[in-house]
Every structure is written in structure tokens, then in C-alpha cells.
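Chemist: If you read the sequences in order, they're chains A and B.
Remember, our numbering sits 31 above the position in the first sequence when you count from 1.
Remember, our numbering sits 31 above the position in the second sequence when you count from 1.
For every residue, glycine included, the Cβ atom is placed at its ideal position computed from N, Cα and C.
2 protein chains.
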Amino acid sequence: MDTAITRRNLPMMLLRARERIMVRFRPLLKAHGVTEQQWRVVRALHEHGAAEPRELCDLCALSGPSLAGILARMEALGLIDRRRFDHDRRRVRVSLTRRSTSLVHRVSAEIEARYRELERTVGSETVARTYACLEALVAGLDGSPPRSLDGHTAEFTPDADADRGIR
Amino acid sequence: MDTAITRRNLPMMLLRARERIMVRFRPLLKAHGVTEQQWRVVRALHEHGAAEPRELCDLCALSGPSLAGILARMEALGLIDRRRFDHDRRRVRVSLTRRSTSLVHRVSAEIEARYRELERTVGSETVARTYACLEALVAGLDGSPPRSLDGHTAEFTPDADADRGIR
DNA sequence: AACAATTCGTTATGATGTTAGCATTCTGGT
DNA sequence: ACCAGAATGCTAACATCATAACGAATTGTT
């Protein structure tokens, strides 16, 4: 199956490739009760140590607004702690809990196993080469977003309240 | 910027690369009033000709439920026509309208221009090589999804009604 | 000190993503 | 003809996404 792939469509190919890989890892995460994005955050915090939301956006390739909701849910689930700095009340420190640290230990091994299985399937040189290409691509496109093009369609009526108290 | 990328995380790199590219194309689509997914559908229909939803799922890498909403909105916007087959009332034929056909003509040239600009930026061999790698990767992972692992967390109370009459 | 500009995390809104489940229609075996 | 089962498109519920905008806190300039 899988009818003709439009030639010359890099974003589509990247999407496809990612999807093909993720179907192999998603069941694993699901079995442990975390979503894909939650796992990204947990993993980033585990490797990087406690971090601020802004850093997590970079590390996890998540937008600020997405991260806000994800962190709120993760805090409710006891997967992370959040606390404001004393010297700069705007900033927040996000850290793992004992619960999530234990989660990392339980899941990492399985992830690695699947990863090696994947390398066996498609050949480890293929994986390595893909990696190199992507690095080059991303490096080449670093920064310098193109000039903008008008466009704007907002028109709502905000209204701040609520209170999820971070501390 | 862009702190350390977790080594050995192919899905993340694919995501990053795609994102870096899309920020260059999104403003373009937005300026013409279509979303990324709507454009995928329009493009697929233009290259493939009228198609059924199931085919579009493959062509556009969209899930059925996602596509349902997208098609509904596109129909409301006058971007597509939907009509059921007579010989098999389950199946639906999706086709472009005059409006969207004209859209393709207006947008395609700009897309191509940006694409070539991108090739100039990162080098066309890099793009070509990336392409080849992704093809190999996807081909290697074709079919054979891994064995499932329990997992289940649903518990709502559906209730069918509504009526979006397709024809 | 006063105050405009900036930074940070977050909310608001609408579109999309996944998973589960359903209704309608077809198909095949009896 | 009949009816179980498969196929197809869709709905329901909820998490996530991108973008714009906001409130609070901090900084730079005067």
C-alpha cells in the first residue's frame, strides 16, 4: 500500500519517517502511562538536570504554550516539581520527582533495546547517515527565519483569572 | 543557542529538521489562508486527482479522524467537494473546486521558489542525500508494526447525533 | 526614583492529533 | 433470502499544536 509519495516534499518525508519510527516506541511509553511529550520532558530533565521552561522548549522541541499545559498535567501527576526562584520571581525551576526518576530507570532499558532492534532492521549505517544528514540540514538552517509576510487574524476577548499557583 | 541535543534520538532530530523547514513555508500558506494540512490535501488532490478519504490518509499522512474534520472545514470553505458513490454508498469522492485549483496555481510557484532558496542555503546535495536516507529508512521500516503491549485508559460516554450531510 | 521596554511564563483560541467507538453499507457463506 | 462479519467514514473526548496577547517581574535609560 502507501500510494505514491509526492516527489520533492521534504517535510512530508520527515513526517513519514518519524511516524514510522514512533509507532515502534509509542506502545512502550503508553504501557508506562506517559505520553510522548511527557517522556521528552522527563528524559530532558534526566539528562540535563533541573531546568527552566524556556530551556525545556529548546531541549524538547515544544512551544511555550504547549509546554505550559504539559507541565501543569505532569505536576498534577507527580512527575515533576515546579518552584519559582527567589531572586527572579518570573522564572521557574522544573525538576524531576522520585516517581519520575524511577520511571526513567524502568523505561530507558526498553527504549534502548527497541532502538537497537531498529538499527538491526534498517542497518546501523543507514541510521548513522540519516543522523548526519539531519545534523547538516538543521545546522544549515540555524536561525535566520525568513522575512515575514503580513497575515493576521486574531480578534478574541481574553480575560485573565484562574490560579494554578506554582508555589 | 539551542542547547545540547540528546544524542541518539532520531525522532527528535526528525522533528527538529521538519520544524526548521516548516517555519520557512508556513507564512506562505498562511498568507493564502490555508493551513498546513489543508495544503497537503489540496496538493494531493491536485497531483493525484479526485480521491477517497482513505487514499488521502495515505497521501497526506493524516489519520482518519483528523482528515474528517479537515475535510469538513475545507468543504465549508469551498476548497473541496464531497459526494458519495452511487454503487457503494459508504464511499466518498473528494475533489477540488475551482477555487482551490486556482489556489494551487497561485501558491505552487512561491513554494518552489522557497524550496530552491532552501536548497541554496543548505546545499542541494545535502537535501538530495537526506532524501535518499529517509527513503531508505522508511522502506526498511515498511509494514510490520511491533507487537502491541496492553495499555488502555478510555472511559467516556459517546452519543451519536449531529448531521453534516455529505450529499 | 520614575518609567518605558524587555523577559518570562502563562492563558486564549481555533485547528489538529490520537484513541475508542459507532452507523451505515457491502460481502460472503449458508 | 438471510445474517454474521468486514469495510468505510464518521463522531466523541481529550491532549497537543501554533499564534497572538496578556500580567507580573526585571532591566535599561533618563
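Closer than 7 Å by beta-carbon distance: list the chain A residues that pair up with E50 (chain B), in chain order.
Modeler: Within chain A, the residues near E50 (chain B) are A92.
Chemist: Looking only at its own chain, which residues have a Cβ that is under 6 Å from the Cβ of R178 (chain A), when we skip the five neighbours before and after it?
Modeler: A caution first: R178 (chain A) carries a pLDDT of 39, below 50, which makes its placement in the model too unreliable to give a value.
Chemist: Is the Cβ-Cβ distance between I111 (chain B) and Q68 (chain B) less than 8 Å?
Modeler: In this structure, Q68 (chain B) does not lie closer than 8 Å to I111 (chain B) by Cβ.
Chemist: Just verifying my parser: in three-state terms, what is the DSSP assignment at P177 (chain A)?
Modeler: For P177 (chain A), the predicted model reports a pLDDT of 44, less than 50, meaning its position is unreliable; a value from the coordinates is still stated below. Coil.
Chemist: Report the CB separation of L134 (chain B) from V73 (chain B) in whole angstroms; it is logged as a contact under 8 Å.
Modeler: About 6 Å; that satisfies the 8 Å criterion.
Chemist: By the DSSP assignment, the beta strand (DSSP E) with D112 (chain A) in it spans what residues?
Modeler: Segment 111-115, the beta strand (DSSP E) holding D112 (chain A).
Chemist: Here's the rule: buried if 16 or more other CB atoms are within 10 angstroms of the residue's CB, otherwise exposed. What is R49 (chain B)?
Modeler: Looking at its Cβ environment, which holds 16 or more other Cβ atoms inside 10 Å, R49 (chain B) is buried.
Chemist: For R198 (chain A), name the three-state secondary structure that DSSP assigns.
Modeler: Interpretation of R198 (chain A) is limited by its pLDDT of 49, a score under 50 that renders its predicted location unreliable; no figure is taken from the coordinates.
Chemist: Inspect the CB distances between the stretch 82-98 of chain A and the stretch 158-175 of chain A and report whether three or more fall short of 8 Å.
Modeler: No, the stretch 82-98 of chain A does not touch the stretch 158-175 of chain A.
Chemist: Whole angstroms are fine: how far does the CA of F56 (chain B) sit from the CA of P176 (chain B)?
Modeler: Reliability fails at P176 (chain B), whose pLDDT of 46 lies under 50, so the model's placement of it is uncertain and no value is given.
Chemist: What first and last residue would you give for the beta strand (DSSP E) that runs through S126 (chain B)?
Modeler: Where S126 (chain B) is concerned, the enclosing beta strand (DSSP E) stretches over 123-127.
Chemist: Assuming L165 (chain B) and I52 (chain B) make a contact with CB atoms under 8 Å, what is their CB distance in whole Å?
Modeler: About 13 Å; that fails the 8 Å criterion.
Chemist: State yes or no: is the C-beta of V125 (chain B) within less than 8 Å of the C-beta of A82 (chain B)?
Modeler: Closer than 8 Å, so yes.
Chemist: Who are the near neighbours of R120 (chain A) in its chain, counting only those whose CB is closer than 6 Å to its CB and skipping five residues on each side?
Modeler: The answer is none, since no qualifying residue turns up.
Chemist: What's the C-alpha gap between R47 (chain B) and V169 (chain A)?
Modeler: Approximately 7 Å, taken between the alpha carbons.
Chemist: Could you give the first and the last residue of the continuous alpha helix (DSSP H) run that contains T161 (chain B)?
Modeler: 155-171 is the span of the alpha helix (DSSP H), which, as asked, contains T161 (chain B).
Chemist: So which of A:S155, A:G171, A:T132, A:V153 has the shortest CA-CA distance to L76 (chain A)?
Modeler: Checking every option, the nearest Cα to that of L76 (chain A) belongs to A:T132.
Chemist: For A82 (chain B), which beta-bridge partners are listed by DSSP?
Modeler: Note: A82 (chain B) sits in a beta bridge opposite B:V125.
Chemist: Since L60 (chain A) and R145 (chain A) should fall inside the 8 Å C-beta cutoff, what is the C-beta to C-beta distance between them, to a whole number of angstroms?
Modeler: 11 Å between Cβ atoms; not a contact.
Chemist: Looking only at its chain, what residues have a beta carbon closer than 8 Å to the beta carbon of E141 (chain A), apart from the 5 residues adjacent to it on each side?
Modeler: Once the five neighbours on either side are set aside, the close Cβ partners of E141 (chain A) are L59.
Chemist: Tell me the residue span of the alpha helix (DSSP H) that contains S97 (chain A).
Modeler: Segment 95-107, the alpha helix (DSSP H) holding S97 (chain A).
Chemist: Just to make sure I have the definition right: I need the residues of chain A whose C-beta is within less than 8 Å of the C-beta of G171 (chain B). Which are they?
Modeler: Correct list: T152, V153, G154, T157.
Chemist: Work out the CA separation of W70 (chain A) and S209 (chain A) for me, nearest whole Å.
Modeler: Residue coverage of chain A in this structure runs from 32 to 198, which leaves residue 209 (chain A) outside it and unanswerable.
Chemist: Given that a residue counts as buried once 16 or more other Cβ atoms are within 10 Å of its Cβ, and exposed if not, what is P209 (chain B)?
Modeler: The structure shown does not extend to residue 209 (chain B), since chain B is modelled only from 32 through 198, so no value can be given for it.
Chemist: Looking at the C-beta of L41 (chain B), does it have a partner C-beta in chain A at a distance below 8 Å?
Modeler: So, interface residue.
Chemist: CB G171 (chain A) to CB V123 (chain B), shorter than 8 Å?
Modeler: Cβ distance not < 8 Å, so G171 (chain A) and V123 (chain B) don't count as in contact.
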